[in-house]
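In the working numbering, each residue carries its 1-based index in the first sequence increased by 2.
Beta carbons: idealized from backbone N, C-alpha and C, even for Gly.
Quick notes on the structure that follows.
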Amino acid sequence: MADSSIVRTRFAPSPTGHLHVGGARSALFCWAYARRHGGRFLLRIEDTDQKRSSDAAGLAFLEDLAWLGIDWDEGPEHDSCGGGEAGPYFQSQRLDIYSEHFERLIESGAAYRAFETPEELNEARKIARANKQAYRYDRASLNLPDQTIQQYLDEGRPHVLRFKVPDDQEIVVQDVVLGEIRLAPGELEDFVIRKADGFPTYHFAVVVDDALMEVSHVIRGQEHLANTSKHVLLQTALGFEHPAYAHVSLIFNPDGSKMSKRDKDKLLRASVKERGIDSPPSGTGIEEDAWASWLKDKSIQLPSEQLVLLAETLEIELPEIDVADFEKAGYLPEVLLNYLALLGWSPADGREQFDAAFICDNFDLDRIVKSPAKFDRDKLLAFNLDALQVMGEDEFVSRFRQWCQLHHPEYCRHFDESTFDHFARANKERCKSFLDPVKSGGFFLVDDESLEWPVIKPVRKALCNGEPSGFDRLEAMLPVLREIDDWTVSTLESTFETLAQDHAEGNLGKVAQPVRIAISGGPVSPPIYDTLVILGKQSSIRRIERCLENRDTICPAG
RNA sequence: GACCCCAUCGUCUAGUCAGGUCCAGGACAUCAGGUUUUCAUCCUGAGAACAGGGGUUCGAAUCCCCUUGGGGUCGCCA
């Protein structure tokens, strides 16, 4: 340990695609802590599982981190982030480093070879479970005669390396958030540190890497709490210093279950089973084999594109779990970051809305809460609204345009640049997320000749009821609107004021609402003059005409 | 089942470590009014919590114990 006073934190995900919000918060806390204390934040890829192959898609979370504005000083290179002296930062490239440390443990007798097969162990676990007993590895291989071991080795029997847990001492973990956690002697079994394929297990790799990368503070989710005792033991056996630990509570769904990256699979799997679908629906691109094993094994996740396609065919709405889901749903990265920071942490001054710089200036471990938090989308949405409202108009337009290009290019294609601009501005005051204008603006995209008017209460109220009715007023207004040459917000505004005087005793709503419905097909749209201008004179007139033509369907006689 | 962690309004939390200033504060949500050309905003107001039981103490949301509830882990996953 070169200089123990320098703060070094790390985020160490496995390369399984997108970053989920729990991971994002861990990364945020690590990052903020390093920034607050003038330290370094590193990223390390925990890819020691050969079965879950790590292709390029596995590294999608790098984009998610970057989107959130979390940058790393060392780790995989991405844009201007990454690099560093303590690499490689992919565990699969550090195998020779681990073997050196395995050797030390074998020589000192702190680790031993074990020859049981996974099947044997599974069987033993099952029996123990059936007898309502806690299963612990029985150390059978530890008691094997040297001769037998040599014989097995000569035969080339596959084997793992297990760590010999001292059975006479209590293990104490000091946690910055939780305090002191004690584990009685004998609670821990001799856990595996090297798999049969020669790769280290998570426990071993994490300890070696944290030590070699001089990580000073391990900030991670509480699901790792039970592992920490193993790590502490390994550190002692290897002669490493213990980093400071801070275990952050988990993030839950509103229903109280753990918010997991596997939730989407879980939801779909349940639905598939319920409907008795036993082969992969066509168009999802899922192979028969993959489908079968996915159905059987809860720990298997489908690639995200297949997940999306499957959800579409089943007409199921997937929960927002990944950072990318929130991006797609139209949230601002700075708002998500803000909200995530509030999940388990709060600044001393009680402020709730702040930016990344504020977090970096104020974050500390002593204000982290121990209890778990439920993810509250309403609050996130409210924060998003606030951020959208205070955003400058130009910034809003350009960010909204960028987002549309990515997620709803049909709007960019449909409008020319200045009309898109107007569309964006007209929506700014009234949207909670980038998705709102898109969801409510579908009528802009439909053909004038195919616009329909659903016969729902607010429509009938505005169009059919009263004397004169909305339709009567529309009829009277149409010729006036036809005569307008200067189809602009200001001209329309003065025209409508006159129309309101002439036909509705000055009540603007009485003239605006029928027009709104006529041109949008429903009772909701951006401010009426903006809507008329964005749509254009020709379309607006045509839609009013067609609405009038449909009077009898919309207001059935009686 | 074993072990470990947690427990303040519906939700996120402040207050807990250094007991009194807390008949518990804020935010989101809810409800009621008001503003508004629709929706969304915006403004005003209201209701809403220390899980239960024992201690310790002059005094407990704060300290201790038990119960209950929730969660995590128990993989040759990370």
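Leaving out the 5 sequence neighbours to the left and right, which residues in its chain are closer than 6 Å to residue i when beta-carbon positions are compared?
i: Thr533; result: Ser527
i: Leu382; result: Tyr341
i: Ala213; result: Phe242
i: Leu316; result: Ser273
i: Glu191; result: Arg138 and Tyr139
i: Phe436; result: Gly332, Phe402 and Trp405
i: Asn364; result: Pro349
i: His416; result: Leu447
i: Cys557; result: Cys466
i: Leu64; result: His80
i: Val337; result: Phe385, Asn386 and Ala389
Rounded to whole angstroms, what's the CA-CA distance from residue i to residue j? Just pull it up for me.
i: Leu227; j: His249; result: 7 Å
i: Ile143; j: Gln355; result: Correcting the residue type first, residue 143 is Ser in the shown sequence and not Ile. Roughly 57 Å separates the two Cα atoms.
i: Glu243; j: Glu189; result: 23 Å
i: Val194; j: Phe425; result: 60 Å
i: Ile47; j: Val535; result: 52 Å
i: Val513; j: Glu485; result: 17 Å
i: Asp170; j: Ala186; result: 9 Å
i: Glu87; j: Glu76; result: 8 Å
i: Ser471; j: Arg548; result: 17 Å
i: Asn145; j: Lys232; result: 22 Å
i: Glu105; j: Pro202; result: 12 Å
i: Ala313; j: Pro256; result: 21 Å
i: Thr421; j: Lys441; result: 18 Å
i: Pro90; j: Glu172; result: 35 Å
i: Gln540; j: Asn467; result: 27 Å
i: Arg10; j: Gly538; result: 58 Å
i: Ile8; j: Leu240; result: 22 Å
i: Lys134; j: Gln153; result: 36 Å
i: Arg196; j: Glu118; result: 13 Å
i: Glu157; j: Glu102; result: 24 Å
i: Ser542; j: Lys263; result: 46 Å
i: Ala559; j: Leu476; result: 18 Å
i: Arg96; j: Gly200; result: 12 Å
i: Gly111; j: Gln237; result: 15 Å
i: Ile221; j: Cys32; result: 6 Å
i: Leu408; j: Glu225; result: 35 Å
i: Ile99; j: Asp423; result: 56 Å
i: Gly40; j: Gly352; result: 24 Å
i: Gln149; j: Gln52; result: 32 Å
i: His219; j: Arg131; result: 37 Å
Just confirm the distance between the C-beta atoms of residue i and residue j, as a whole number of angstroms; I'd bet it's less than 8 Å.
i: Val174; j: Leu235; result: Their Cβ separation, rounded to whole angstroms, is 11 Å, which puts Val174 and Leu235 out of contact at 8 Å.
i: Phe43; j: Trp74; result: 5 Å
i: Asp49; j: Ser16; result: 6 Å
i: Leu339; j: Ala358; result: 6 Å
i: Arg37; j: Cys362; result: 4 Å
i: Glu290; j: Pro282; result: 7 Å
i: Ala29; j: Phe13; result: 4 Å
i: Ala568; j: Pro516; result: What the structure shows of the chain is the stretch from 3 to 560, and residue 568 is not part of that stretch, so it cannot be assessed.
i: Lys372; j: Val178; result: No, Lys372 and Val178 are not in contact; Cβ-Cβ is about 11 Å, not under 8 Å.
i: Leu550; j: Phe473; result: 7 Å
i: Arg544; j: Asp450; result: 5 Å
i: Leu252; j: Pro374; result: 5 Å
Looking only at its own chain, which residues have a Cβ that is under 7 Å from the Cβ of residue i, when we skip the five neighbours before and after it?
i: Met3; result: For Met3, the predicted structure reports a pLDDT of 41, less than 50, and the residue's modelled location is therefore unreliable. The matter cannot be settled from this model.
i: Asn229; result: His205
i: Gly287; result: Gln308 and Leu311
i: Ala343; result: Leu30 and Ile361
i: Ser295; result: Ile302
Excluding sequence positions up to five away, which residues of its chain have a Cβ less than 8 Å from the Cβ of residue i?
i: Leu123; result: Tyr139
i: Glu495; result: Tyr531
i: Ile323; result: His22, Val23, Met261, Ser262, Lys263, Asp265 and Lys266
- Within the chosen definition, does the segment 397 to 414 reach the segment 425 to 441 through at least 3 CB pairs nearer than 8 Å? Segments in contact, yes.
- Item | Unbroken stretches of the alpha helix (DSSP H), 4 residues or longer, contained in the segment 39 to 96 | Runs found: 63 to 70.
- Message: As an exercise, report each continuous beta strand (DSSP E) stretch of at least 3 residues that is fully enclosed by the segment 438 to 507, in chain order.
- Response: Runs of the beta strand (DSSP E) inside the segment 438 to 507: none found.
- Query: Per the contact definition of three or more C-beta pairs closer than 8 Å, is the segment 273 to 280 in contact with the segment 208 to 224?
  - Reply: Touching, no.
- For the segment 407 to 414 and the segment 497 to 508, state whether three or more C-beta atom pairs, one from each stretch, are separated by less than 8 Å. The segment 407 to 414 vs the segment 497 to 508: no contact.
- Whole runs of the alpha helix (DSSP H) within the segment 173 to 214, excluding any shorter than 4 residues: If one requires a minimum length of 4 residues, the alpha helix (DSSP H) runs lying completely within the segment 173 to 214 are 204 to 214, in chain order.
- May I have a chain-ordered list of the alpha helix (DSSP H) segments no shorter than 4 residues that lie completely inside the segment 375 to 451? Whole alpha helix (DSSP H) segments, 4+ residues: 379 to 392, 395 to 409, 411 to 416, 419 to 430, 437 to 442 and 444 to 447.
- Query: Would the segment 116 to 129 and the segment 75 to 87 be scored as touching if the rule is three or more Cβ pairs under 8 Å?
  - Reply: Too few Cβ pairs lie closer than 8 Å, so no.
- Check whether the segment 322 to 329 touches the segment 296 to 304, taking contact to mean three or more Cβ pairs, one atom from each stretch, closer than 8 Å. Fewer than three pairs of CB atoms, one per stretch, sit closer than 8 Å, so the segment 322 to 329 makes no contact with the segment 296 to 304.
- Message: Report the start-end ranges of each alpha helix (DSSP H) in the segment 526 to 550 that is 4 residues or longer and not cut off at the edges.
- Response: Listed in chain order, the alpha helix (DSSP H) runs fully inside the segment 526 to 550 are 530 to 537, counting runs of at least 4 residues.
- Query: Is the segment 454 to 474 touching the segment 514 to 525, taking contact as three or more C-beta pairs under 8 Å?
  - Reply: Between the segment 454 to 474 and the segment 514 to 525 there are three or more inter-stretch CB-CB distances shorter than 8 Å, so the stretches are counted as touching.
- beta strand (DSSP E) runs wholly inside the segment 106 to 151, at least 3 long, in chain order: Listed in chain order, the complete beta strand (DSSP E) runs (minimum 3 residues) inside the segment 106 to 151 are 113 to 116.
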